[in-house]
Structures are given as C-alpha cells and as structure tokens.
Amino acid sequence: LSPPNLCNSSLYSLSLSLSLQENRKMSVNHYSRDIHHNPLSLHHHQNDAVAQRESLFEKSLTPSDVGKLNRLVIPKQHAEKYFPLNNGVGDDVTGETTEKGMLLSFEDESGKCWKFRYSYWNSSQSYVLTKGWSRYVKDKHLDAGDVVFFQRHRFDLHRLFIGWG
222 LSPPNLCNSS LYSLSLSLSL QENRKMSVNH YSRDIHHNPL SLHHHQNDAV
272 AQRESLFEKS LTPSDVGKLN RLVIPKQHAE KYFPLNNGVG DDVTGETTEK
322 GMLLSFEDES GKCWKFRYSY WNSSQSYVLT KGWSRYVKDK HLDAGDVVFF
372 QRHRFDLHRL FIGWG
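According to the working numbering, the sequence shown is numbered sequentially starting from 222.
Structure below.
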C-alpha cells in the first residue's frame, strides 16, 4: 500500500486509520483504537490540530483569481513576509525552489495536499500561485468573493494549510 500524496506523514497515519476503520478491516494505530473505543476522540484530535495553527492571512478572491488566468495573486506584504523567494535560493520554511519559482505544499481541511507553483511575475510586479491553483478552484467550487485563508503550524513551520469559507 503506497501512501497518498499528503503533506505530512502523521496525517497519512490518521487518514489510513480512518479508512481502514470505516472498512472494518483492521486497526492500524492508536488513532484507530481511540476512534473505535471513543468516537469523540477524533473530534479531540481535530481540535488539537486546529489549535496548533496560526493564521497568516486571508484573501478575498477576485474574478481574475478564479478566472482564465489560472493564478492567485498574493498581496505583496504577505508574500514577502510568509513566502520569501530569496532570489532563487531554497527556503527551508516554505518549500523547494525551482527554475520558475518555488513549490509550496498546503494541507486542506481534509488533510489533502495541494502543491502550487509560487513565483514573482516581473510583468505585473506581483506574487502569484499558478500551477495547481486552477485545480484547487475547481475542486472547491470557488467563486469571486469567496475568502481563502492561509495558516501555518505553530511549531512545525514547514506545515502550511489552506482553506476557504
């Protein structure tokens, strides 16, 4: 059994345990055992995970953020503070640098990993998420006016989260 494309192996363990528990195949780890004996323990683990996140910023989506340009503009002050590009040098906190920017990985509310190409466009002097963004927009049925929020784990700064509401 190969792991799905998740951003964090501990989330993979939780996800695998839930899948196996739902299928009533077997119990894999303490998460499964806790859920089997106490259904409220999953809620407890989810609350702990949410409590360990800090909000970075929110962005109200514009028509061009969800349109044919297939990109999300990240406000400059947030881009430079939370996702510095470092002139092509890899950044241990946010992701790995590529020739065309940086790949950033975010976990959504279900634990699914979303990878986006993040770069600076000289032509418009803006920071953008490109590759992968249109897939996220379609999957979440996002429209102009929806708000996307970005979070980071309080202790493991490598873990980034994305959500909307």
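Beta carbons: idealized from backbone N, C-alpha and C, even for Gly.
Just so it is clear, the structure is predicted and the values come from calculations on it, not from any experiment.
Nearest residue (CA-CA) to residue i, options the options
i: Trp354; options: Trp342, Phe337, Lys361; result: Phe337
i: Ile383; options: Pro284, Lys361, Asp377, Lys302; result: Lys361
i: Arg390; options: Gly332, Glu279, Tyr348; result: Nothing can be reported for residue 390: it is not among the residues displayed for the chain, which extend from 222 to 386.
i: Gln372; options: His299, Arg292, Leu293, Val287; result: His299
i: Gln346; options: Gly386, Val358, Leu378, Pro296; result: Pro296
i: Asn291; options: Trp342, Lys352, Ser326; result: Lys352
i: Ser326; options: Val287, Leu378, Trp385; result: Leu378
Continuous alpha helix (DSSP H) stretch holding residue i: start and end
i: Gln298; result: 297-303
i: Lys321; result: Neither: Lys321 is in no alpha helix (DSSP H) and is coded neither H nor E.
i: Ser355; result: 354-361
Backbone secondary structure at residue i - three-state DSSP
i: Val271; result: helix
i: Ser344; result: coil
i: Ser248; result: Caution applies to Ser248, whose pLDDT of 33 falls short of 50 and renders its modelled position unreliable; the value that the coordinates give is listed next. Residue state, collapsed to three classes: coil.
Extent of the continuous beta strand (DSSP E) run through residue i
i: Arg380; result: No beta strand (DSSP E) holds Arg380; DSSP gives it neither H nor E.
i: Val368; result: 368-374
Supposed close pair residue i, residue j - CB separation, criterion 8 Å
i: Arg375; j: Arg274; result: 7 Å
i: Leu363; j: Leu277; result: Actually they are not in contact, since the Cβ atoms of Leu363 and Leu277 sit about 18 Å apart, beyond 8 Å.
i: Met323; j: Tyr339; result: 5 Å
i: Ala365; j: Pro284; result: 4 Å
Min CB distance residue i to chain C below 8 Å
i: Tyr348; result: Annotation note: the requested chain C is absent from the structure, which comprises a single protein chain.
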